[in-house]
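Just so you know, the sequences run in chain order A and B. Residue numbers for the first sequence follow my numbering, beginning at 128 and rising by one. Residue numbers for the second sequence follow my numbering, beginning at 128 and rising by one. Cβ coordinates follow ideal geometry from the N, Cα and C atoms, glycine included.
2 protein chains.
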Amino acid sequence: MDMKADRLTCRDWLKAGLRALAESGAAALKADSLAKSLGVSRGSFYWHFADVGAFHDAILQRWQQIAFQNIVEELAGAPGDRLESLLSRAFRADSPLERAVRAWATAEPRAKAMVESVDTKRRFYVEKLLIEMAVPPERAASRTRIIYWAYLGHVLSAEKISSPEWNAIANELLLLARA
Amino acid sequence: MDMKADRLTCRDWLKAGLRALAESGAAALKADSLAKSLGVSRGSFYWHFADVGAFHDAILQRWQQIAFQNIVEELAGAPGDRLESLLSRAFRADSPLERAVRAWATAEPRAKAMVESVDTKRRFYVEKLLIEMAVPPERAASRTRIIYWAYLGHVLSAEKISSPEWNAIANELLLLARA
DNA sequence: TGTTCTCCATACATATATGTATGGAAATGT
DNA sequence: ACATTTCCATACATATATGTATGGAGAACA
Chain A
128 MDMKADRLTC RDWLKAGLRA LAESGAAALK ADSLAKSLGV SRGSFYWHFA DVGAFHDAIL
188 QRWQQIAFQN IVEELAGAPG DRLESLLSRA FRADSPLERA VRAWATAEPR AKAMVESVDT
248 KRRFYVEKLL IEMAVPPERA ASRTRIIYWA YLGHVLSAEK ISSPEWNAIA NELLLLARA
Chain B
128 MDMKADRLTC RDWLKAGLRA LAESGAAALK ADSLAKSLGV SRGSFYWHFA DVGAFHDAIL
188 QRWQQIAFQN IVEELAGAPG DRLESLLSRA FRADSPLERA VRAWATAEPR AKAMVESVDT
248 KRRFYVEKLL IEMAVPPERA ASRTRIIYWA YLGHVLSAEK ISSPEWNAIA NELLLLARA
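The structure is reproduced here in structure tokens:
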């Protein structure tokens, strides 16, 4: 009989951790509070993870997977004007998890390393995209930097953009990209 | 005889707090650890501040003063091409305190409020600058958003920019500003 | 000189979090 | 049925941080 009912898996803990991280920041990644939110004791936590450091590592690795998966989806979709749809997806969404991880990375070396790894991949893709759009290679790097900076700033500021606002912003961004 | 020697003032605590904030993030703003770093006991802390919440508020207010002071300096200097010198100052510097406060603001409502207040003032100034540079007012807002986002992204990423890199980036930024 | 006020140390109570040790219930394998 | 493995609860020891209560050393003031 498969009555696994309420028993938790390692991924359940990671899921709860990512949720807490997105909602309340890295300070919420405690075995104690997470156990309470999951309705279990810390005995479960220390069964699935050696210590909080290992849990944090697992959280970061899980986030990297998610971030990388997003890159793959962006690469796959949008055959026509890929940059425009990419920017739209990146700038029109609210990204509390991304924001929390980056805030975390300002103080935690391991989070910082993960973030830098993801940044490198993303910028590489954007730069390739610009070059495919006939932007001179020597200008593509600096433009990519600015566009990616703007994305990070948008993520950090967490402000909602209305549709008419986005239209104006998108125009300026595309102008910057392929001017 | 004025032998006040080693006695601390309220501003000494704030100074140590801002230092710890810039170096280690908001998690370092504890009465306990700061007292150790200052070589005193927490008795001193609770003499100058009612509780940690009041200390945090004072830290944020102090930061707001510093941030506003920076705006004033930017307004005062650079009569010629103000935008270029403004961008140079903003993007060529490493700003660990600004970075720490903004990371803090992602999780702390009071920090978030302070940050939004400073953001509004800064963007207002930049937008005015663009309009003075003959940018159409209806386009100035969205360009200001992008430029300010890029600034925030640069602050967050904390990467060092070499001089030749900066020249290329500055060209693209100015092109975006007054295209 | 004596008093008052400033600033800080010490001690205490409390809260929260970590990590370990031990045992137990339920599912799984034999 | 029995043993084993998985997963979790409980209890304990420890660490760190908050906030308060009390007193004391020293500067400022009269």
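Sequence-distant residues of its chain with Cβ nearer than 6 Å to residue i (five each side left out)
| i | result |
| --- | --- |
| Cys137(B) | His175 |
| Tyr252(B) | none |
| Val282(A) | Ser222, Glu225, Arg226 |
| Ala153(B) | Trp231 |
Short CB-CB distance (under 9 Å) between residue i and chain A
| i | result |
| --- | --- |
| Ile186(B) | no |
| Ile296(B) | yes |
| Trp231(B) | yes |
| Trp174(B) | no |
| Tyr252(B) | no |
| Ser164(B) | no |
| Trp276(B) | yes |
| Ala147(B) | no |
Residue i in three-state terms, based on DSSP
| i | result |
| --- | --- |
| Ile288(A) | coil |
| Asp208(B) | coil |
| Lys157(B) | coil |
| Ser222(B) | coil |
| Asp184(A) | helix |
| Phe195(A) | helix |
| Leu279(A) | helix |
Neighbour flag for residue i against chain B, beta carbons, 9 Å
| i | result |
| --- | --- |
| Gly180(A) | no |
| Ile273(A) | yes |
| Glu265(A) | yes |
| Glu292(A) | yes |
| Leu161(A) | no |
| Ser280(A) | Correcting the residue identity first, residue 280(A) is Gly in this sequence and not Ser. Yes, contact with chain B. |
| Arg226(A) | yes |
Cβ-based neighbour list, residue i, same chain, cut-off 7 Å, excluding 5 preceding and 5 following
| i | result |
| --- | --- |
| Ala143(B) | Leu161, Ser164, Leu165 |
| Ala155(A) | Ala147, Leu148 |
| Arg209(B) | Leu256 |
Supposed contact pair residue j and residue i - C-beta distance, whole angstroms, cut 8 Å
| i | j | result |
| --- | --- | --- |
| Lys248(A) | Phe195(A) | 7 Å |
| Leu187(B) | Arg237(B) | 6 Å |
| Ala217(B) | Tyr278(B) | 5 Å |
| Leu213(A) | Glu201(A) | 5 Å |
| Leu303(B) | Arg270(B) | 6 Å |
Contacts around residue i, its chain only, beta-carbon distance under 8 Å, and the 5 residues preceding and following it disregarded
| i | result |
| --- | --- |
| Ser168(B) | Ala162 |
| Met115(B) | Outside the displayed range of chain B (128 to 306) lies residue 115(B), so it cannot be described from this structure. |
| Ile258(B) | Pro264, Ala267 |
- Using 8 Å as the Cβ pair cut-off and three pairs as the minimum, do the segment 221-232 of chain B and the segment 147-154 of chain B touch? yes
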